[in-house]
Every structure is written in structure tokens, then in C-alpha cells.
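K.L.:
Protein chains in written order, with the working numbering: chain A, 1 to 238; chain Z, 1 to 238.
Pasting a structure below so you can have a look.
Here it is as C-alpha cells:
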């Protein structure tokens, strides 16, 4: 009777990892969405709440890391389970970082909430964040369903986020050049945009992990993870 | 006779991981140092070389990931070896990201090399990068020597990098406000500074991994990994 019991306990451990990771995903998505809502409404109380939630993700990452190492040591899992458990560690680390980026946006909301902000560009940031959050949500679904195909298509769609980010970068720069009074707020918005673009990169990282967990192969074609904003040169009109 | 042979092969695998990680560390450090040299000398050829080297780190990370999973599956290592092997995966991921950040600086060098740059602030960036590279070098030494104590002191020193970064952020903002012609170059310098500050954070992440590998315990006191620049508010003088 001990064998089925052991297997059940092991299954429970794997399910625990998977459930804890889903919880982290939900928290991370919520933080980013709330940070953008706080930005749009200049809502510093909401921004403060986002900042405080970051601890939950730090804790989640630690717990998953410890549990994963314990499970591997105790159960000596077969290759596919092993990939999934190590994948959990990697994904937890990406989600923790997504939370950091959400928190950083929230901090900037508090810094700039009294300043005039270009409505059109803030809406652009909101759109960017919707795309990034869709990627994040879908890649976590792909992890649950072990879908290499879905992981592949998510990675390819990151280019759209990069393109929109680069165009926002250019517009924010132009806005700063038009009136130096915009510089302080727009610099923070630039970093908010960069943070959202990075959230898209983390979704891409997770997609790569999901692909490896599902297939045992790493995605071979290197996707350039960088956006093009590093190459944007804008001179003032004068 | 098969047992000693197996142990030796296993030791070889662990040594391979450790050596490959050292190589990655050397490449990452070199890329960041070269990116800064390229920035200071407006040397686009050097910047181009940094960009091309990034592939080496992508490849290193993949190889370490695959090898680590294989070694765990094959050898079913004891807890301390297991922590070290999983630690290798985490550290490889941090080093790959350091390379990305170095590459991103190099791309910006190419964008702004013809523009006037505030010499004092570029020197400030150089100083910041020297601190970050020292952290990176020392934390890789700490990994080799399994020194929890050294890992601890490295994590604490990250505050200095954050403080200098925040002060550079403020100065760059002021510079942009003084003359809109500085905006384009200074925005890229702002992101270069942010990249260097992030490299310091990756050294901190590695310190946390080293501590866990060495002790089996996670660092308990949460260090705020964020700099204070998100809270900088600077208005134009007018």
C-alpha cells in the first residue's frame, strides 16, 4: 500500500507547485493591471496597494524554489517531471520580476500624479500593457496545458509589443522636446513603457520554458529579445 | 571499478558546469566593460563587437540549462550538489541578462556617438559600471568558493550603486531641462545608467543564489532591490 500513497503524495507536490505558480501569475497580472489603472486615474492609493503586493511574489518565488529543490531531492523525478519542476523555478523567477516591474510603475505613478500627462501617450501605455498582459495570461495557460504550439505563437507575437514600445518611445521623446516642462513626467512614462515592454519579454521567457518543458528541446531560432528603441535618434525640431 | 569511474565522470560534469559558468561570467564582464569603453570613446566598432558577443551568452545559458537537467536526471544528486546545479541554471540566466544589458548599452552607443554628450555624466556612468563589475566579479568568486559571508556583503553593497544611479538620473534630467538638444542623447544615457544599475541587481540575485547554495537557507531579510529614481521629481528651472 505504500507505493500508491507515495505516488499520490508526489502528485500532490506537483499540483502544489502548479497551483502556487498560478496564484503568482494571478497576482502579477493584477499588479500590472492595477498599476496602469492607477496611472490613468492618478490613483496613488491604488499605486500604494500595488507596491505592497510585491512581497507576495517575493514570498511565492522563495516557496516554489525551496519546494522544487525538496521535491527533486526526495522524488528523483523522471526527465519530463524534472523539466516541469525546474521550469516552475524559472517561471516563478520571471513572475517575481514582472511584479517588480509593476511595482516600479506604481512608484512612478506616485511621483508624477500631480503633473500634466499626455493623455494620448498614457492611453498608448495602457494598450501596450493590455498586449503584454494577454501574452502573460496565455503563456501561463500554455504552461498548464503543456502546449508547445501556443508557446511558439506567443513568442512570435512579442514583436508587436516591441514595435508599439519603440513608437511610444519616439513620441515621448518628441513631447519632451516640444516643452521642457514635460521632461520629468515623460521620463517616468518612458520607464513605465520600458517596464511594460520587459513584461512582454518575461512572457517570452516563460514561452521558451514552456516549450522546453513540453518537448525536451529548446527553441532553436534565436528571437531578438530587444526592442528597437535603443536605435531611435530624435533631434529637437529646431 | 565502475563506482570510482562513475564518481569521476560525475565530478567532471560538475566541473564542466562550473567552468562554463566562469566563462560566461568572463564574457559578460568583458561585454559590459567594452560597452562603457565604446561609450566613452564613441567607438562604434567596439560597440558592434559587444553586440555580436551576446550570442555566446545565449548559447552558454542554453548549454548549462540542458547539461544541468541531464546531470540531475542521471546522477540524482544529494541536496548540496543539487542546490549547486540548480544554482548554475539561475546564475547562467542572470549572466545571460547581464549580456543583454551590455548589448543594449552598445546599441545606444551607436545611436548617440555623433551627439554631444555631457563628459561629467559619461564619467559618472563609467564609475557606476566599475562598481557593478566589481560586484559581478566578486559574486562569481563567492560562487566558486561557496562563501555565504562574501555573498552577504555583496548584497549589502548594492545600495551604493542604487544611490549613485539615482543621483545620475537626477543630473541627466536637469541636463535635459537646460537644453532640449540634450534630450535625445541624455535619454539614451538614462537607459544606459538604468542598465548598469540592473547589472548590480543581477549581482545581487547571484549573491542570493550563492548564499542558498552554500547554506541551504534563503537570505531572509528582504533587501529592497529597487533604486530610488522612480521617486525623483525634477521640474524645469523656469
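Here a beta-carbon is modelled for each residue, glycine too, at the ideal position from N, C-alpha and C.
Mind checking which residues open and close the alpha helix (DSSP H) that includes residue 151(Z)?
P.N.:
Unbroken alpha helix (DSSP H) run through residue 151(Z): 148-178.
K.L.:
Taking the straight line between their C-alpha atoms, what separation do you get for residue 37(A) and residue 142(A)?
P.N.:
If you take the alpha carbons of residue 37(A) and residue 142(A), they lie about 27 angstroms apart.
K.L.:
Secondary structure at residue 87(Z), three-state DSSP: helix, strand or coil?
P.N.:
Helix.
K.L.:
My output table needs one value for residue 219(A): the three-state DSSP class, helix, strand or coil.
P.N.:
Coil.
K.L.:
Have a look at residue 196(Z) and residue 101(Z) and give me their C-alpha separation to the nearest angstrom.
P.N.:
Straight-line Cα distance between these residues: approximately 7 angstroms.
K.L.:
May I ask you to report which of helix, strand or coil DSSP gives residue 37(A)?
P.N.:
Three-state result, residue 37(A): helix.
K.L.:
Assign residue 69(Z) to buried or exposed, taking buried as 16 or more other Cβ atoms, counted over all protein chains shown, within 10 Å of its Cβ.
P.N.:
It is buried - the Cβ of residue 69(Z) has at least 16 other Cβ atoms within 10 Å.
K.L.:
If you measure beta-carbon to beta-carbon, which residues of the region 197-212 of chain Z are closer than 7 angstroms to chain A?
P.N.:
Correct list: empty, as no residue qualifies.
K.L.:
Tell me whether residue 59(Z) is buried or exposed, calling it buried when 16 or more other Cβ atoms sit within 10 Å of its Cβ.
P.N.:
Label assigned to residue 59(Z): exposed.
K.L.:
Can you tell me whether residue 227(A) is buried or exposed? The criterion is at least 16 other CB atoms within 10 Å of its CB, across all chains shown.
P.N.:
Under this definition residue 227(A) is a buried residue.
K.L.:
Output yes if chain Z places a C-beta closer than 8 angstroms to the C-beta of residue 88(A); else output no.
P.N.:
No, residue 88(A) lies away from the interface with chain Z (no Cβ there is under 8 angstroms from its Cβ).
K.L.:
If you pair each beta-carbon of the region 174-189 of chain Z with each one of the region 204-221 of chain Z, do three or more pairs fall below 8 angstroms?
P.N.:
With a cut-off of 8 angstroms, the region 204-221 of chain Z and the region 174-189 of chain Z do not count as touching, because too few Cβ pairs lie within range.
K.L.:
What did DSSP end up calling residue 236(A) once you bin it into helix, strand or coil?
P.N.:
Unreliable placement is indicated for residue 236(A), whose pLDDT of 38 sits below 50; the coordinate value is still reported in the next sentence. Note: residue 236(A) maps to coil in three-state DSSP.
K.L.:
For residue 2(A), does the three-state DSSP call read helix, strand or coil?
P.N.:
Residue confidence is low: residue 2(A) scores 46 on pLDDT, short of 50, so the model does not pin down where it sits. Its coordinate-derived value is still stated next. Residue state, collapsed to three classes: helix.
K.L.:
For the ligand HEM, is there any heavy atom lying closer than 7 angstroms to the beta carbon of residue 193(Z)?
P.N.:
The ligand content of the structure shown is nil, which means the ligand HEM is not present either.
K.L.:
Given this structure, state the Cα-to-Cα distance separating residue 231(A) from residue 171(Z), to the nearest angstrom.
P.N.:
Taking the straight line from one Cα to the other gives about 23 angstroms.
K.L.:
I believe residue 188(A) touches residue 108(A) by the beta-carbon criterion, under 8 angstroms. Please report the beta-carbon distance rounded to the nearest angstrom.
P.N.:
So it is a contact: roughly 4 angstroms between Cβ atoms.
K.L.:
Looking at the C-beta of residue 83(Z), does it have a partner C-beta in chain A at a distance below 8 angstroms?
P.N.:
By this cut-off, residue 83(Z) is an interface position.
K.L.:
Beta-carbon of residue 235(A) versus every beta-carbon of chain Z: anything under 8 angstroms?
P.N.:
Residue placement at residue 235(A) is flagged as unreliable, the pLDDT there being 44, under the threshold of 50; a coordinate-derived value is accordingly withheld.
K.L.:
In whole angstroms, give me the CA-to-CA distance for residue 169(A) and residue 40(A).
P.N.:
The straight-line gap from Cα to Cα measures roughly 18 angstroms.
K.L.:
Does the beta-carbon distance from residue 51(Z) to residue 106(Z) come in below 8 angstroms?
P.N.:
Yes, Cβ-Cβ distance for residue 51(Z) and residue 106(Z) is below 8 angstroms.
K.L.:
Note down, in chain order, all residues in the region 47-67 of chain Z with a beta-carbon under 8 angstroms from any beta-carbon belonging to chain A.
P.N.:
Answer in chain order: 55, 58, 62, 65, 66.
K.L.:
Please state whether the Cβ-Cβ distance between residue 244(Z) and residue 35(Z) is less than 8 angstroms.
P.N.:
Given a span of 1 to 238 for chain Z in the structure shown, any question on residue 244(Z) remains unanswerable.
K.L.:
Quick one: Cα of residue 84(A) to Cα of residue 64(A), how far?
P.N.:
Approximately 12 angstroms between the Cα atoms of the pair.
K.L.:
Quick check: is the beta carbon of residue 1(A) nearer than 8 angstroms to any beta carbon in chain Z?
P.N.:
A caution first: residue 1(A) carries a pLDDT of 44, below 50, which makes its placement in the model too unreliable to give a value.
K.L.:
Using a Cβ cut-off of 9 angstroms, pull out every chain A residue sitting near residue 190(Z), in sequence order please.
P.N.:
Simply 187, 190, 191.
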